[in-house]
Structures are given as C-alpha cells and as structure tokens.
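Numbered by the numbering used here, the letters in the sequence shown go through residues 98 to 386 in order.
Glycine is no exception: its CB is placed at the ideal position from the N, C-alpha and C atoms.
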Amino acid sequence: MTKSVLVTLDGEVHDFDAPLLHADDLAAVRGDGIFDTLLVRGGRPRKVRRHLERFANSAAAMGLDAPDLTAWDKVIDIAAEQWRDAVGDSGPEGLLRLVYSRGRESRPGSVTAYATITELPARIAQARRDGVSVVTLERGYSIDLAANAPWQLLGAKTLSYATNMAALRHATDQGFDDVIFTSAEGAVLEGPRSTVVAVYDKTLVTPPVEIGILPGTTTNAVFELAEQEGWKTETRVLLPADLIAADAVWLVSSVTLAARVTAINRYVMPDDADEHRFADLVDRAISVD
Ligand code: PLP
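Next comes the structure, spelled out in structure tokens:
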C-alpha cells in the first residue's frame with residue numbers, strides 16, 4: 098500500500114496514522130473551516146496558484162485569518178516531496194488536501210492547518226474511463242441566494258460537506274453514480290464535488306458562479322486554454338433540458354478531471370463522436386504551471 102502523507106503548516110511531517118486533531122477541533126464539531134483539493138500527477142501538485150487563490154477567498158468568506166500563502170506553498174512542496182519519496186516521480190496520482198479550521202473550541206484564536214496526500218479513490222479511474230450517470234436533485238435555494246445572503250458561504254469551499262455527501266449517497270441508493278444539483282427555479286447548479294460543463298459543437302458552457310456555486314479551478318483553467326485554442330466559452334444559466342440537448346455534458350474537477358455524463362435521470366445521452374477532445378483539453382489544461 099502507498100504511504101499516505103501528512104504535513105502540518107509548520108512544515109513538520111507526521112505519521113499519517115497517528116492522531117492529530119483535538120476532540121474539540123471546530124473542524125470536527127462544527128465543520129467550521131475550509132479545505133481545498135488538488136491533483137498530484139507525476140509527483141507534482143497541479144494548479145497550485147489557482148487553488149491557493151480559492152483557499153484565500155474561502156478563508157476570507159468565513160472570516161478566518163488570511164492564510165499565509167508562502168507557508169502553504171512550502172507545505173505543499175514538503176508534502177509532494179514526501180509523496181515522491183514514497184511512490185516515485187512516475188508513481189500513482191495522489192489527492193492533495195489542504196485543511197484549515199478555526200482551531201479548538203476551548204482555545205479561541207488557535208487554528209488547525211495541515212496538508213495530506215493520499216491515493217485516489219478507485220471510483221476516479223472508473224469515472225474517467227466509463228463516465229457517470231447522474232440524477233438531478235433540488236438543492237432547495239434560489240439562484241439569488243448568493244447575492245442576497247452572502248453569509249451563506251455558497252462560493253466558499255467549507256468543511257461542511259455533509260449535505261453533498263448525503264446527496265451522493267441518495268444518488269447511489271437510486272442507482273446513479275453522481276448528482277447535478279438544481280436551484281429552486283430548476284437551474285443547473287453544480288455537482289456535489291464538480292462543476293458542470295456542457296459542450297455544444299465548439300462551444301463550452303458552464304453556469305455562472307454568481308448563482309451560488311463554487312468557482313471551479315479546473316473549469317477556469319480549461320476555459321482559458323479552450324479560448325486560446327479557438328473554442329468559444331460561455332457562462333450562462335442552464336436548465337436540465339439544455340444539458341439533454343448538448344453534444345456532451347461533463348462533470349469537471351481537480352481530481353477526477355473530466356467524467357462524461359452518460360445519463361441524466363435515466364435519459365441516456367447519445368455517444369459523443371468527439372468524446373476525447375474535451376478530456377484531452379482538460380488533461381492539457383492541468384499539465385501546465
Ligand atoms: N463544485 C464543488 C461543490 C466541488 O466540491 C468541486 C471540487 O472541488 C468543484 C465544484 C470543482 O472544483 P475544482 O475544479 O477546483 O476541483
């Protein structure tokens with residue numbers, strides 16, 4: 098088994114299997130903190146700058162002290178070095194997670210901050226290879242909520258992912274692989290751990306972050322590269338019917354990268370003759386910087 102890596106923000110490397118958190122850490126008792134997840138490929142964490150930028154935005158949204166990005170950069174380097182030592186440069190991909198909580202409930206002002214690298218869950222290879230069937234689930238809020246109630250933290254990557262995980266379990270119980278959330282009005286939001294991208298000929302479309310979804314680092318990088326390569330890109334509100342009318346729909350994220358949506362609510366999406374061009378684009382978008 099590959100050795101998992103754990104490094105605290107002070108640069109100290111820990112035994113991954115040794116206990117780390119106190120029982121009253123606000124991450125554990127309130128989900129009061131933020132995280133971010135990066136892919137490690139070829140021993141190198143991908144899109145570090147974009148992830149640290151989002152990490153800082155998530156912290157600001159939650160009123161956490163601004164993360165020291167130089168220190169986080171260093172922790173990412175140390176963790177990646179440990180990972181390379183364990184698996185080699187051409188070893189398996191890894192999942193790098195940054196965690197930053199408000200610290201212990203009994204010690205106001207303390208913070209908890211660390212990075213881990215672990216092996217990718219097996220579902221990822223399968224999602225990349227075979228795609229995913231999805232069910233649409235209503236998230237229960239309006240696309241206006243992010244603007245009307247910024248304290249709701251809709252654009253922040255907080256540790257409170259229980260609802261997202263519940264949605265995925267619900268999907269599995271119904272025989273689906275993944276979820277696309279919809280708003281109270283029926284607009285397409287995002288997946289519980291991915292951004293939705295629809296492909297129409299040479300145009301890529303994704304919902305705007307202003308409707309209350311997480312800004313996807315991968316989709317942002319893909320859209321930048323796509324524009325350089327002559328694709329059109331758009332952000333606009335989509336309905337599930339727009340997805341069904343697309344040439345292809347993808348769930349995009351840092352670790353899975355691109356999982357083609359094979360069916361939406363039992364409607365089987367037609368095969369995309371050009372299936373590989375989008376997945377190739379995503380691969381190339383995360384191979385630089
Ligand atoms: N939306 C949600 C809710 C997510 O959890 C994720 C994954 O982190 C994404 C979108 C995709 O973001 P990224 O491409 O930065 O991984």
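Since residue i sits in a beta bridge, which residues does DSSP pair it with?
i	result
Arg141	Arg138
Ala356	Leu348
Ile310	None, per the DSSP bridge assignment.
Thr167	Answer is none; Thr167 lacks a bridge partner.
Ser291	Gly288
Gly130	Ser198
His111	Leu103
Val296	Leu301, Ala345
Can you tell me where the beta strand (DSSP E) holding residue i begins and where it ends?
i	result
Phe320	Note, Phe320: premise wrong, no beta strand (DSSP E); alpha helix (DSSP H) at 314–325.
Arg194	191–198
Val126	Careful: Val126 lies outside any beta strand (DSSP E), inside the alpha helix (DSSP H) at 123–127.
Val302	300–303
Val276	275–279
Ala212	209–216
Could you give the residue range of the alpha helix (DSSP H) that holds residue i?
i	result
Ala338	337–341
Thr260	259–270
Phe375	372–382
Does DSSP classify residue i as helix, strand or coil?
i	result
Lys329	strand
Ile361	strand
Glu235	strand
Ser155	helix
Ala224	helix
Leu106	coil
Glu178	helix
Ile240	coil
His148	helix
Ala334	Ala is not the amino acid found at residue 334; the sequence shown has Val there. Correct three-state label for Val334: coil.
Val229	strand
Val385	coil
Would you say the beta carbon of residue i is closer than 7 Å to some non-hydrogen atom of the ligand PLP?
i	result
Arg225	no
Leu311	yes
Gly288	yes
Ser384	no
Thr314	yes
Thr292	yes
Asn154	no
Val349	yes
Asn245	no
Thr303	no
Thr134	yes
Asn261	yes
Residue i CB to nearest chain D CB: under 8 Å?
i	result
Phe113	The chain inventory of the structure shown lacks chain D, comprising one protein chain alone.
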